[in-house]
Each structure stands twice: as structure tokens, then as C-alpha cells.
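Chains as they are written, first to last, in numbering that gives the first Met the number 0: chain A, 0 to 591; chain B, 0 to 133; chain C, 0 to 588; chain D, 0 to 159.
Glycine included, each C-beta is placed from N, C-alpha and C at the ideal position.
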Amino acid sequence: MHLLVCGGTGCRASASDAIVGKLQKELDEKNLQDEVQVVMTGCFGFCEKGPIVKVLPDNTFYVQVTPDNAKEIIEEHVIKGRKVEHLLYKDPTTKKEISDSKHMGFYKKQLRIALRNCGVINPENIDEAIARDAYSALAKVLGEMTPEQAIQEMIDSGLRGRGGGGFPTGLKWKIALSNKADQKYVVCNADEGDPGAFMDRSILEGDPHSVIEAMAINGYCIGATKGLVYIRAEYPLAIERLKTAIKQAREYGLLGKNILGTGFDFDIELRYGAGAFVCGEETALIHSMEGERGEPTFKPPFPAESGYLGKPTNVNNVETYANIPVIYLKGANWFNKIGTDKSKGTKVFALAGKINNVGLIEVPMGTTLREVIYEIGGGIKDGKKFKAVQTGGPSGGCLTEKHLDTPIDYDNLIASGSMMGSGGMIVMDEDDCMVSIARFYLEFTVEESCGKCSPCRIGNKRLHEQLDVICKGKGTKDDLEKLKNLSLVIKDTSLCGLGQTSPNPVLSTLDNFYHEYIEHVHDKKCRAGVCKDLMKYLIDNEHCVGCTACARVCPVGAIAGERKGPHTIDQTICIKCGACMEKCKFNAISVQ
Amino acid sequence: MVQVKSLADLQNLKASLQNKLELREKGEKADSLVQIKVAMATCGIASGAKKIMEYFMNELEKRSIGAVVTQTGCMGYCYAEPTVEVKLPNQEPVVFGYVDLKKVDEIIEKYIKNGELVNGIIPVNYETIDDNNK
Amino acid sequence: MEFVNLIIDNKPVKVEKGTSILKAAHSVGIDIPTLCYMSLGDMNIENKPGGCRICVVEVEGRKNLAPACCTDAHTDMVIKTNTMRVLNSRRTVLELILSDHPADCLICAKSGNCELQSMAHKLGVRKIHYKGEMSTYKEDFSPTIIRDMDKCIMCRRCEMMCNKVQTVGALWGINRGFQSVVSPAFEMDLEKSTCTYCGQCVAVCPTGALTEVDHTNQVIGALADPKKTVVVQTAPAVRAALGEEFGMKPGTLVTGKLTAALRRLGFDYVFDTDFAADLTIMEEGTELLGRLGRHLAGDKTVKLPMLTSCCPGWVNFFEKQFPELKDIPSTARSPQQMFGAIAKTYFADQIKVERKDMMVISVMPCLAKKWECQRDEFATDGSPDVDFSISTRELANLIKGANIDFNSLPDEEFDNPMGESTGAGVIFGTTGGVIEAAVRTAYELQTKKKLEKVDFEELRGFEGVREATIDFDGLPIRIGIAHGLGNARKLLEDIKAGKSNFHAIEIMACPGGCIGGGGQPLHHGDSSILKARQMALYEEDKNKPIRKSHENPFIVKLYKEFLGKPMSEKAHHLLHTHYFDKKNEFIIE
Amino acid sequence: MSSVKIKLNPKEVEKLKEVCTSFNNEGGELINVLHKAQGIFGYLPAEVQEIVAAELNVPVAKVYGVVTFYSFFTMIPKGLHPISVCTGTACYVRGAEKVLDEFRRRLKIQVGETSADGKFSLSCLRCVGACGLAPVVMVGEKVYGRVSPDGVAEILAEYE
């Protein structure tokens, strides 16, 4: 028998160590230490009800356990085989106790569709993939469906592009099919550039065959025989695994001429990105594949009409493709029952930042931010207070406490002033200054703007400069108005998606954290203590004994004072390095 | 080299591969064969998964334990890399996080040899499409 | 033809499918401001990167504003071009552009003729609300073009001209974001790049980022020097465009006023490059007939087609990009250089002025001429045949600076002997003109018959590549014409591949020929201006009493008194040249 | 003919030309060729770009335009031990900036520069996908996770 005690950060804070100790002590006392092992585990993802103790092999799940309950668990459950009823989880709707965690719906918040094979198969072995249904969907589509039928199935499934915009995938294919040409192309966008997002990379590293298979299906549907994967050169492992997978698929005849004897030809080549975020935009991506500067061009013409080398081209991203084989195997009706009204299926997020369980997660559309952050993510790191969650990367916005119960889908996120983006989800706590966060994203945009259109090239630069002024404590309230107008104009007039969304971090923080901006421009304060120029080091006369240690360590000579007399800091000279505070043995120096 | 030339070929291949995998899982040597998967995506490798995998292979051989050690993609527990999934014959797989060489020793000695769980288990917190189907 | 119906500012509009909102609005008299957009419709040249975002309009039902220049009009579109949202956006975007542009309008070479300045005026910008860092780049002085990229607004017109139209490949967008700018490779000076100095980048630049090297001060210095005899020549295309600088209608011929103005400026002799053009025809025509004769006689070593060589931009182009073809073009110097060579020998002797005391200034529609007159081959002991070349624009500045009321000047005649010209010399200024002039003379010299009809309509027009076969009394002569270096490239590739069956090809670097030269008054993207200039030149040709070069009495006299006959040794020495391989060769060390 | 002298290893130049040939000297393959070229030379000096331009028959201005557009391409040789600090969002909120500052301070170079002795170069990158280990620093191929400013000296010491 095993007693698993949750050792996740959340539970640990509420004394799971003590629980382990107590359990062990009880077992020792009853001489059961050889039959029953107490084991500390990682987070169960249900921190709200922690600490948690799970009993194996019967899967009994105890919630909100205290050290005092240890005795009871050993005596009742371990020795007498009776469950401790009052520690069991009660279903919130039926109010009934549930003992077996396998029946706890809330517990498994995640549903893995796109990630179904990640961490399950050996990505370098096609046999393992095939054993788990890889290429069966391709076989089904080629053998049983016309391109029109297959596209209809895609439309019925309700799948929307996972790369950011959320355009219906089936519709996109339909347009590409309707444009006649001697050659068409299928392009997989694997130029994942959001800082803090790694969904696509993980899929390519963990399950490359799902992408290859989906691209072939896509090729069949729109009448393309050539596929291209535009992949970041910074992803060497993903490139290697993809190459291996393509090679194996070719050897099996699942790529190449006359696939599965159906007369359908399809093959895939790789094209490498070279570090330009804007190449996530499909026209820029296509120019980059053609060996040009990755500058976007105005749409229309859409790639579906005139794309790579001027031919009709369909571009989808990695995660979108990874969903597709399952949809054909299980049917559109299976897929469109998952998720919300307008956003079907699941979404993969790279959960990171000030959160305990940083990781790759996949949840059905409609899951709330709270569930993701507190249940799957295990809550905020170091027990700090939640402040904001940023979704959509540099194109998204910062959502706050009041958005936590919003079900995540494309439209809700946009309505809240953010967006789905590719799926980066960064959690921030009380130590993060929201003005600085906005500045951080703008710095990114300024660096990544291609420079083609003036609002993005110059406007974002000015936004960044304005934010910098505010962070330095030199902003005025008028500047906030200017920020807003400039942000709206940049959104309204920019050429491509990058510029059209780049002010979102500014607008959403202005909306949700206006008070922090006001504090910066009016009170000249940064509550998170991030903006150096707004900090003041002060010496408390009552505690200062005049040891002169601070004056000696100050690199700029900003501290004056007589030996054994109180010292003062000249704020005009101080560079806020913090050396004095570190040196002071009497806690006389504080930061404001 | 297998060439999959028709739909029937693919179905046959799939069936035989599934058998093979099942054999590997539940076959004749079911009593002795342990399956170990090491998460080898970028984050795993960055935290030293390669060394863990090699160590597993060497140590299991040294200690004469019949096992299959394979690599796999990201399991999603980036915070707890390197992560390793161990499946004892006829048992549910168990995932261990924050695995270092010392932990490997512990896993081999306690869990693989004696079925005793050790600290650092990561509870699986997701459903796959296979579960969802039911 | 398919049409679409839409509504712009409450007006119903019907336009052909595929028409942009900008053009649709224009068709009903609604003017949407543009900055980066430029179209020379008659020459199929269009620049619409959709980059400046000044032309944005509101399209009902769309989330964002749409750029009118590159959004097609569709049926049932409802468009507003002047809502507060549009006006605020436009002005904010313009303020942004201005925030990264030096405000030295007062002393900028483009002041008064700058599209950015006009836009700021038009949109009524009085304050720039968003200030910050400005981008700075190193200034680049080449012999002809100055690049001051601090003033670049990234309209990309120059890049488009340099690559799409001219296929020169000297300029390209570099860097990205705020640092992005148009530049030669490695931000090297233009001089070291593949630049041909055609000046088309300067001709389309909306701001002061690209301007010509100003030689007006050198001219003023020469005129002020009592020891110098200053001779001026003016190219054919100048007279058809100069009037625009003084508010005249495009296509107004100002030959007489031009002559008068030059005299008022103090030039000692006011001559015409057209005279030298006639001389060019004598040499080039004779060379062509010589090559043709040898070819017809079965000489396999003779190179055909013969390419014209009077355009210095074109000469730079083949020296840098097609050096393997350098013995195909005619060896005849350009009219500018023939003029200089004759002026400083024959004419200097006539008026008894020593070479060192004579200065030859040329007024050209061209920037490459500034470089041509500096080439070593065109100097004797370091003294150039033509001392300085100024553009049509620079001449206008000189006239304005000298308080000359151009519009009320009387019409005056050129001086002699180098001021007399034929209609053939005049049409050198337009695409097709050089070859037409050559045909007029070559026909008569070859067939020994009088040419009755001198207008060769089949050689005229604006088509980028044209071909025609002229019947030389039973002998069909196949002629090719290309203007714009991109078009020239097509013909050169054919020659390289051995697929060309022309006897003679005329090439001019600039679209339209010299009338569209890099030194002409700015056309601001209006190709009707170029057309009007072309018409003016054909008009002047028509009105000339003599229309064939070999009938120019002063040319006849020149050969009789000085040169002997075309292609004579003296002519060779003074009027012909040779070409160089200027392609980069890499030596690995 | 104007000759441009190029100081490059002839063997590497041969290799580069082979790469160009392997891509059929196709101008559309410019970015692929540049990737390989950077693999051969370690960086893309002007001379290499001249050769690529000549081999693929595209203007050298275009090659330069492409090289300066993409941050992956560099015209400055990297140090013996190239240091990349991840400044992705996850690393940023976990203090990457301070780590970067410390590298700057200790190496006395700015981002994009190489130390005078050629030993270290400093650059930023956006997300290596090891957000669980944020903030992350890479030295060559080796990844260092959960780096604090105090840990910088230790990392550098490994390469001294």
C-alpha cells in the first residue's frame, strides 16, 4: 500500500511536510512501515483543496488533510479498510462524496488532442506512431472521401486556426481548393516566435507524424502535391525529428508518389526561418520562403489566391495540423462537441511565469483562466498574490483578477482586450510592474517590426519611448492620453497583424491597471518596486548609528554624514544600486 | 523495408505493430520487462535528460533488469524536468519528476525492484483522446 | 469587362473590377492624399507597397482602416474618406513620419518641391505630438547623387525604380524596424555599388533624401571669372521641360527663352547639344553602315546588332553588368562629349582661345552626365572636354537666383557655328529618337536615294521594348528599341544567348528617354507630363527646316574644314571612345 | 575589371560555392544558402555575401538587405563561447534583465558584441522553450537554468 502526499508548492505551504511526518510516525508506531510507504509527489493540480493525500491501490482521494488527520487515516483506512468519509471530496453539484479520483471530473481539467502522442510515443520511431493511428486518417480521407467531402468535414468540425487569428480552417481550405492552378502549396507555419511560447516546438519534437499526416490530407483536399514546413532555425531538435519523420514516412511510402495506391502524390520540404517574428504573418512567411526580406504585403491577394511563387498556397500552423488527423478519425461531430459555441476543441498553452507548474497544457476551449492558473498551474509561485495573466504574447493583453472566471475562447479573449495568439500564457504577480511589462512588450515589437509601414515602424518606437519616460518618472497625465490615441491609430492603420495588435499590451494595461500608470505619472511611485528611477533609498535617523559603512560603499558618493552622526542620501546623485542597504547592519536603510 | 502501398497494407501494418507493442507490454516476458520513457524535448534535454537516459540504460543492464528504455516528447511538466515515465509489468505507468542520477538509483532499487514508490511522482493530470472516447 | 458599383463619400461610383479605391475615388473627383504611392501609368510603373498609410479610408464593416492605394473596390462597398477617425489617423501617421524627419526645410534642396512638405501643409500639421529619437545614417556623396537618408520616409520608390524598373540592384531595403532604410550593400557609398547614376531614384524621391550633386556654384564661379570663355550647350530634352519650373504647362517648348536666359546669365557662347547630336548620327550612322556592309559581305567577325552609346547611364550599366558585350555598342561618344571635344579644339581655334581658358558647361536632363564628363577618357592632360554638367533643375535654380523673369524673356537664337541643328538632333531626347535620326541619315547614305517620308511612326511610342523593320530600298533593317534598363536587360540577355536578330538597337536608360531623365523637373508620378514633353520634341522636329543630320550645313562644314570624313582618324581620336569591364572580380587571398 | 580582394580561406570558399551549386544557384534559395554559409564561416562577412550574390546572381544589396533583416544572421564573428541570454517573457518576468546586466558588467561588452580577446560574445534570444527553467542562459550548446545574477560569475568561471 502507498500513501501519496502532494508535495506541490501549494500543498507544501499548507503543511504537507508535517503530514508526511505524522503519517510516517503513525506507521512506525503501528509497525507498518514495511507494508505501507509514504511518498511525496508533485502537484496534483488541485491546489484549491490541498493538501491532498491519495491512497494506492484503491485510488482514494482525500482533500484538505491536516497533520491531525494522519492518525485517523492510518487507523481507519490502512488498518480497518474503511474510508475516512469526511475527508473525501464532495461533488459540488450532487454534494456526494467521491472516493475514487478516476471519477472526479474536475480533477482532469486537461484533454490532450493535439498533444495526444507527445510524451507517449518515441517520436523517432514511425512504428510507434502508426500503432497509435498515425496515417489512418490519411488513409480514410484518401480512400473514402472526395476533397470536397473532406473539406466539408473540416468545416463541420469547427476547427479554427491555432496560430492566432482563429480563421476557420475548413473555410480556408475551401478557398484554396476553388483557386485553380497547375501547382499549389501547403505550408506549415512552424515559426513560433512569441517569447514564452513553445507549443509548436513541443508538438514537432514529440509527434512530428501528426503534422506530416495532416499536411498530406491538406494537400489532397486543396489539390497540392507539395508541402513546405517553415521552421525556426533556433529549433534544432524539432528540425532533426521532423527530418527523421519525413524520411521514415517516405520509406514507408506514406509520402512521395502514389500514396497508399490512391494515385495521390505528396512530399514535404523544410524551409528555415532566420529569426524574424513578423514571419509568423503568412505573407511575410511566404516572402521569406522565397528568399526575400520577410516583409508582409497587403492582403488581398490572399495566399490562397497567390502565395508561394505566386501559386495558391494554404498556410496553417503546427497545432492546427496536429488536431486534424483525430478529427477525421473520430469525426467532426465528436470534435465539435468539445469546447464552446464558437471555439471548438482544445487549446494548447505554454504556461509560464510566476506560476508553480510551468508547463505545456491542453485544455478544452471554455476552461476558465482560474482553472488553468490555480488547478493546473498549481497557483502563484512563492505564495505571492496574483496580479495579471498575459495571453497572446506581444499581440495580446494583460488580463486581471476580474477576468479569471472568463471561459477561454477566441472571442472572449478579444472581448477582454487580449487575444488567443499562439498560446503563450504568462502569469504575473505583485512584484511585476504593469507599466514595465507594457514597455517590455513594446521593446519586443520595436525590435521585431519589419519597418515597412510608418505607424508600426515609428509609432511603436514612440510608444516605447513614451512608456520609458513614464517608467523613469518623467511622464505626465497628458502622456497617458497620447499613449491611448497613438495606440488606437497604430492598431487602425498598420499594414499587418503585427502592428494591428502591437499596442494591445499598452491598451489592456491602461484599461486594467490605470491606477498603476497614475501612480507612475502622478505620485511618481512604482508599487512593484521595478522602476528604479522611482525608487528612493532613505536612511532612518533613529536606526542609523553613523558607522559610515554605507558612505564608504556608495559608488557615487551620494551619502554624507559625520561619523557617529546620522547619514543622508543625496537623491540627485543616488543611482539606486542598493549597495548601501546591503551593507547596513542596523536596518537603517529602506527603499520606498 | 516495409512499403505501405495500399489502405489494407496500412491496416495490417498497424495491427501487427499494435501486437508487437502489446507483446512488448504484456507479452511472454511480461514478468520481467520494464518500460521506461524519458522525456527528450528541448526542455528535457536542457535539464540533462540525455544523461539520465544513458544512466538508466547502463544501470539496468549492470543490475540485470530486463527493460526497454526509449525517448519520447514533452510530457508537459516543464517545471519538473527531467521527467521519466516508468511502467512496471501489468501496472499503470508512473511519472517521476526532477530526476537526477541519485533518483535513478532510487527508482531502480525501490520502485523497479520492489514496487515501492519514491518521492517525486507527478500525478498525471490530463485525459487523452482515448479516455475521452469512452 | 466587369464593373463594380460602390459608394464613396455618399457618391455612387462605377468602375472596372480591379480598380483601387484610390482610383475609383479619383474618378468622381475625390482626392485621397498619398505619399508612398506613385504610378507612371503609361509606362506600367507602379509603386504601392502600402507602407506610408496616409491614404487610409474607412470601409464600412471592416475592423481597420484600409489603404486606398492597394485595396480594390468591390461591389457594395461603402467608403468614407474624410471621417474624424480617418482624419485623425492620417494626421497622427503624418506626425509620426515627421517626428523622424529633420525639420531643416528652410535649407533643404527639395524645399518647395517636397511631397512630404506639401502633405504637412495639406493636412495642416502644426505640432508634432510624438517626439523621440530620430534615425541617423551616414551621408553618401557620389559624383552625381547625394544620399541623405535621415530624410528617407521608406516610401521605397527608389528601391522599386532601381530594381524593378532598372534592374540595377544598387539599392535595397536594409535592416528592420526603426533602423530600416534603403541603401547600397554594406551601406557602402553609391560610387562603389552597381549604380549607373541614371538618377531615377532621385527623380521619384518625394523628399530631400536623394538629390543631385549641385554644380551651380562652379558654374557661377566660371561665369564670374573674367579670364574664362564660358561655352554652354543644352540638351534637346531640356527645352521641353524647363518651362515647368516656371509654371508653364508641361510640353511647352522654351528653346528661345532658354537661349535668352543663358545669355542673360553671362555665358559667352550659347550652343546646342543638338548640333553634336547631328554629329553623333554622322559617326554612329557611318559605323553602323560599315558593320552592316561587312556583315552583308559575309564577314563573320563583325558584331551585330550595334547598340547606341549616347546614354551614359546605359554605358555604366553594361560596363558593370554586361562587360562581355562591351565591344557591341557603337564606339561613338555621346553628343555631350562630342560637343566638348569639338568646342575645345575646332571652336577654340576659331575664336583663338586657349584650351585652358575655355570652360564648357552642359545643361542636361540627366545626372549620369555629371559622371560622364568626369571620365578619364574624356580629358586631355587632366583637363576635361566638358567641365561641368548641370541638370535642368539646377539651371532653373540659376535662373531664379539671377532674378531673371523667365516667362517674359524674348525668344532668341543659338550662336553659331555649334548652335545649328536639324530635327534629327532634337528627337535625341526621347525614346526611339536616336534610332529614327540614324535611320534618316543611314537610309540616304546607304541607298543613295532621297528619303521622302522622314517620320517613322513605327519607331515612336512608350512601349518598353519596341521593334520595327525598316525597308532600306529592298534591304530589311531590323531595329530594336528599349528604354528603361530593365527593358534593355531583356534585349541584352537575348544577345548573350545568341537569340537576337536585330541589326541595331537603341537603348536609353531612363523610362521615356531623356525627357524622363533623372535631372528633369520632378514629374511627381504624373506620366502625362512625360508624354507632353515627348510631343513637344516631335513638334520641334516637325517645324525644323532641315530634319536630317547629314544636311546640317555646319556639320558639313565641320567635316570639310576639320574632321575630314566620318570615322576618319581625327574623328576617331576626338569623337570615339572605348569601354571597360567594371564588373567585380573576386580574388581570394 | 575591378578586382575585389577577399581574405577568406579558399577551402571554405570552395565549400560555399558547392553549397550554392547544390541549391542550383537559385536566387530563391538565398536564405537556405546563407544558413549554410554561416555554418561554414561562423558569420557572414561582406566578402561571403559578395560571393553568395555572385553565385546566385542576385544583387549584393539584396543579400545584405536579407542578412540585416533576420536576427539569426550576423556579420560579427561570435566569441569562442557565445553567450545567449533568453529574454522571452517567461525569463523576463523571472529576472532575465538583471542576469543580462550582470553579463554586460562582467564582460564589459554590449549585446551583439564580442569581447576583445574573442572569448565571449553576448546576445539575446527569444525563448529556447525551457521556460520551466527560467531565466535561461545558453553558452554554446549548453543550457543553464534558473540563473541568478550571482550565478553569472560561476558560469563564466567555467570557461576561464
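- Selection P504(A), K473(A), L487(A), C549(A) evaluated against I517(A) yields K473(A) as nearest (Cα-Cα).
- Scanning its chain for C-beta atoms nearer than 6 Å, with the 5 sequence neighbours on each side dropped, one finds around G422(C) the residues D540, K543, R546, in chain order.
- Residue environment for L105(C): exposed (fewer than 16 other C-beta atoms within 10 angstroms of its C-beta).
- With respect to the 8 Å criterion, I211(A) and A189(A) are not classified as neighbours on the basis of their beta carbons.
- At a cut-off of 8 Å between beta-carbon atoms, L87(B) makes no contact with chain A.
- Burial is judged here by how many other beta carbons sit within 10 angstroms of a residue's own beta carbon; Q519(C) has at least 16 and is buried.
- Interface annotation, T82(B): not in contact with chain D, CB-CB separation never under 8 Å.
- 8 Å or more divides the Cβ of V505(A) from the Cβ of L479(A).
- Contact check for V164(C) against F316(C) fails: the beta carbons are separated by 8 Å or more.
- Within 10 angstroms of the beta-carbon of G242(C) lie 16 or more other beta-carbons, which makes it buried.
- Residue-level contact check: N484(A) touches chain C, since one or more beta carbons of chain C fall below 8 Å from its beta carbon.
- With respect to M39(B), A48(B) sits close: the two C-beta atoms are nearer than 8 Å.
- In this chain, the beta strand (DSSP E) harbouring G352(A) covers 345-352.
- The C-alpha of L203(A) lies about 22 Å from the C-alpha of K343(A).
- If you look at D264(A), you'll find it in the beta strand (DSSP E) that goes 263-271.
- The beta carbon of D139(C) sits closer than 6 Å to the beta carbons of R146, D188, L189 from its chain, once the five residues preceding and following it are set aside; these are given in chain order.
- Residues of the stretch 251-271 of chain A whose Cβ lies closer than 8 Å to any Cβ of chain D, in chain order: R270, Y271.
- The Cβ of V488(A) sits closer than 8 Å to at least one Cβ of chain C.
- The continuous alpha helix (DSSP H) containing C19(D) extends over residues 9-21.
- Straight-line spacing of the CA atoms in K14(D) and F40(D) works out to 10 Å.
- From the beta-carbon of Y158(D), no residue of chain C is found nearer than 9 Å; the closest lies around 32 Å away.
- Taking 8 Å as the upper bound for CB-CB distance, R292(A) and V65(D) are in contact here, some 6 Å apart.
- A distance of 8 Å or more separates the beta carbons of D380(C) and V359(C).
- Of all residues in the stretch 99-123 of chain B, only E115, L116, V117, N118, G119, I120, I121, P122 place a beta-carbon less than 8 Å from a beta-carbon of chain A.
- A378(C) carries a strand assignment under DSSP once its states are collapsed to helix, strand and coil.
- If the five residues before and after V4(A) are omitted, its C-beta is found closer than 6 Å to the C-beta atoms of S15, I18, V19, M39, V52, all from its own chain and listed in chain order.
- When C-beta atoms of the stretch 571-585 of chain A are compared with those of the stretch 534-551 of chain A, three or more pairs fall below 8 Å, so the two segments count as touching.
- Shown here for R84(C): same chain residues with a beta carbon closer than 8 Å to its own, the five before and five after excluded, namely E57, L64 in chain order.
- Nearest neighbour of V529(A) by Cα position, chosen from L55(D), V18(D), V92(D), turns out to be V92(D).
- Nearest C-alpha to T339(A) among I360(A), A321(A), G365(A), G358(A): G365(A).
- Between the beta-carbon of G250(C) and that of C365(C) there is about 19 Å, and that puts the pair past the 8 Å contact cut.
- Judged by their CB atoms, A215(A) and F265(A) are nearer to each other than the 8 Å cut-off.
- As computed with DSSP, D71(C) is found in a beta bridge with S19(C).
- Counting of Cβ neighbours within 10 angstroms places E505(C) among the buried residues, the total reaching 16 or more.
- Within the DSSP secondary-structure output, W171(C) pairs in a beta bridge with S182(C).
- In terms of Cβ geometry, P311(C) and S333(C) form a close pair [threshold 8 Å].
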